[in-house]
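Right, one structure below, let's go through it.
Given below as structure tokens:
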């Protein structure tokens, strides 16, 4: 295992040490060292808290998105493992005041079980906590069973829209409704080209033939739904955009936010090329691509591959997406809106 | 070659297409499609232009740093190949007004020859253009021959400080002096763990044994200066920080900006861990680590590895480093200053 770690048992602690020491005005450790929360502004009773618990190994998601206009806290699990209900509860207690909290849960089995358990425990303690399941990966369950789909990179749209809305004072029930509405407007499909290496075992997380691409592989190496031979990226992206639009059609003229997310080991050259192909495919259907984000934000170690997420925001949602924010690694360029491009 | 491209001859064009279509309010193509320049504000005679020509394949550097408070233009060469003098001249002509231009040149042979030739041609055309050589890699030449060293990731400090100073109206000669002073305050040392794949040949760019790390390898796979067995990252980083401080000692109490740059295929988990170790090493010497940047900014495709850059700014330089900026991929968090850390 040629990775840059110390003691295998301290991988997550050492990473968090580096993170909070780098950005002390933005993020700090909670009472439990696995809780990363905002330094400023402090939690306040009038603001609904927004937090997520998730396994580590996918950085910068989610720790990197703690900050003003985004998350209040991230509860950091072991590598690729959901944090325990007790740990998530500690995170909830750390940031939740009278206005309550939304606990984001990316739909993977352990996250759902532990997140729901933590939310119930918090309710028992008298805190108002509403779990919000996030799912967007069209390959993981059929169209009629959307609520059985996995959470993938498109969940970032929910972080940002709810993060800004909560910052601006939206109430708990309204935030949950807004989150459900955003979720209904997001679809994601991924492609894997090469495996990442597990930081724990040092082994490749899966294998695939040199001339094949897996469509729909999950963020922990969950099986994909189909294989394709390596082909020019224009053909691969055309296929993927068509799958996304078959799952959720977008009317011509509907402004659409594109997220091209790299899995960790795919170069910026390639991600920009993928974005160009997505924009071209949308343009052919007279769908304007606006206000995109392109980079490696939700990763699976150094896995090669990418996902395409499409989001058709209402004007209010778009304003939340484009609003200023301040976290170490969320990288949406404020007002770098692709409005000319469509 | 399992990479996400179309026709091999259009790799760079397709990438630039994607990039400028994503961020049209920030970047646009010049008259020559290999010139990427700011959309707004337009070049103006009162502002010294700041630009660089470099080979592609290292994204997001340098294209990704075109924007307000940073570069006015980037002239994009073929993969790992300096742009021609004629092409650089077109870039200069595109953005240079009466105040003149600083042409940044990362010290690699082709870049130096072509950049200096372009600057001379521009002078012949009546434009005031001053080339500024950038070099920071301590492994590439001995201490007494600093001006024969290669440019590495630490050159990003020069982009940002000069970019902000130029935006605020600093005159040409003063910018060059400032750039030389910044350069004298930067040192970088890199370590390579695994090779990247050339987008052109599809071949690994070099090989190294499974249990070894190369110290000092260049950004195109230039030979390193030494090999080390894989060891805990704390030991590797301690060695590298000591090498950096041997080359240029830093007095206790001197605020030091740290850049941990990933080579492309190294995870954020690892880069944050490396930063933690750098900060610890500096702290042991009572050197405060402030205002860092941690991520994959100057890459060699999906090469595994990282570099550490140390920069001891004057208060004025630090203000330029921390000033607001707007480019698609420069990621220094404004006022996310690590001042508590040290």
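Residue numbers (our numbering), protein chains in the order written: chain A, 575 to 916; chain B, 575 to 916.
Don't be surprised by glycine CBs; every beta carbon is placed ideally from N, CA and C.
Delimiting residues of the beta strand (DSSP E) encompassing residue i
i                       : result
residue 601 of chain B  : 601-603
residue 869 of chain B  : 863-869
residue 831 of chain B  : 830-836
residue 1000 of chain A : Not covered by the structure: residue 1000 of chain A. The range shown for chain A is 575 to 916.
residue 878 of chain B  : 878-885
residue 707 of chain A  : 703-708
residue 800 of chain B  : 800-803
residue 648 of chain B  : 647-653
residue 786 of chain B  : 786-789
residue 610 of chain A  : 609-612
Contact set between residue i and chain B, taken where Cβ atoms lie within less than 7 Å
i                      : result
residue 580 of chain A : 806, 807 and 808
residue 589 of chain A : 843, 846 and 847
residue 866 of chain A : 596
residue 577 of chain A : 844
Chain-ordered chain A contacts of residue i [CB-CB under 8 Å]
i                      : result
residue 876 of chain B : 839, 840, 841, 876 and 878
residue 873 of chain B : 841 and 842
Burial state of residue i (16 or more Cβ within 10 Å)
i                      : result
residue 760 of chain B : buried
residue 868 of chain A : buried
residue 913 of chain A : Because the pLDDT at residue 913 of chain A is just 39, under 50, the model does not fix this residue reliably, and the point stays unresolved.
residue 582 of chain A : exposed
residue 875 of chain B : buried
residue 734 of chain A : buried
residue 743 of chain A : exposed
residue 719 of chain A : exposed
residue 889 of chain A : exposed
residue 915 of chain B : Because the pLDDT at residue 915 of chain B is just 32, under 50, the model does not fix this residue reliably, and the point stays unresolved.
residue 803 of chain A : exposed
residue 536 of chain B : Shown here, chain B extends from 575 to 916; a query on residue 536 of chain B therefore has no answer.
residue 668 of chain A : buried
residue 716 of chain A : exposed
residue 905 of chain A : buried
residue 911 of chain A : For residue 911 of chain A, the pLDDT reaches just 47, beneath the cut-off of 50, and the residue's location in the model is therefore unreliable, leaving the point undetermined.
residue 605 of chain A : exposed
residue 835 of chain A : buried
residue 757 of chain A : buried
residue 666 of chain A : buried
residue 699 of chain A : exposed
residue 725 of chain B : buried
Residue range of the alpha helix (DSSP H) that includes residue i
i                      : result
residue 793 of chain B : It is not in any alpha helix (DSSP H) - residue 793 of chain B carries neither H nor E in the DSSP assignment.
residue 620 of chain A : Looking at the DSSP string, residue 620 of chain A is not in any alpha helix (DSSP H), and its letter there is neither H nor E.
residue 853 of chain B : 842-858
residue 677 of chain B : First-last for residue 677 of chain B: 675-680, but that is the beta strand (DSSP E), not the alpha helix (DSSP H).
residue 732 of chain B : 729-741
residue 640 of chain A : Looking at the DSSP string, residue 640 of chain A is not in any alpha helix (DSSP H), and its letter there is neither H nor E.
Listed by chain order, chain A residues near residue i by CB distance under 9 Å
i                      : result
residue 881 of chain B : Within chain A, no residue comes near residue 881 of chain B; the closest Cβ sits about 12 Å away, beyond 9 Å.
residue 773 of chain B : 841, 843 and 844
Closer than 8 Å at the beta carbon, the chain B residues around residue i
i                      : result
residue 726 of chain A : Per Cβ cutoff of 8 Å: no residues; residue 726 of chain A is ~18 Å from chain B at best.
residue 784 of chain A : 576
Contact set between residue i and chain A, taken where Cβ atoms lie within less than 7 Å
i                      : result
residue 593 of chain B : 846
residue 631 of chain B : 843
Residue j beta carbon less than 8 Å from that of residue i
i                      : j                      : result
residue 829 of chain B : residue 882 of chain B : no
residue 662 of chain A : residue 689 of chain A : yes
residue 640 of chain A : residue 648 of chain A : yes
residue 844 of chain B : residue 778 of chain A : no
residue 704 of chain A : residue 746 of chain A : yes
residue 633 of chain A : residue 873 of chain A : yes
residue 750 of chain B : residue 675 of chain B : no
residue 630 of chain B : residue 653 of chain B : yes
residue 739 of chain A : residue 752 of chain A : yes
residue 626 of chain A : residue 901 of chain A : no
residue 624 of chain B : residue 736 of chain B : yes
Contact with chain C by residue i, beta-carbon distance below 8 Å
i                      : result
residue 648 of chain A : Among the protein chains of the structure shown, namely A and B, there is no chain C.
beta-carbon residue i near the ligand NAD non-hydrogen atom, thresh 7 Å
i                      : result
residue 714 of chain B : Because no ligand of any kind appears in the structure shown, any question about the ligand NAD cannot be addressed here.
Residues within the segment 839-853 of chain B neighbouring chain A, beta-carbon criterion of under 9 Å: In summary, the residues of the segment 839-853 of chain B whose CB is separated from some CB of chain A by less than 9 Å are 839, 840, 841, 842, 843, 844, 845, 846, 847, 848, 849, 850, 851, 852 and 853, in the order they occur in the chain.
Could you list the residues in the segment 896-907 of chain B with a C-beta less than 9 Å from some C-beta on chain A, going in chain order? Hits within the stretch, in order: 900, 901, 902, 903, 905 and 907.
Using Cβ-Cβ distances below 7 Å, what residues of the segment 807-838 of chain B are close to chain A? Those residues of the segment 807-838 of chain B that come within reach of chain A (Cβ to Cβ, closer than 7 Å) are 807, 808 and 838.
Going along the segment 630-650 of chain B in order, which residues come within less than 8 Å of chain A, judged by CB to CB distance? Listed by position along the chain: 630, 631, 633, 634 and 638.
Determine which residues of the segment 745-769 of chain A have a Cβ less than 9 Å from any Cβ of chain B, and write them out in chain order. Listed in chain order, the positions of the segment 745-769 of chain A with a beta carbon within less than 9 Å of a beta carbon of chain B are 765, 767 and 768.
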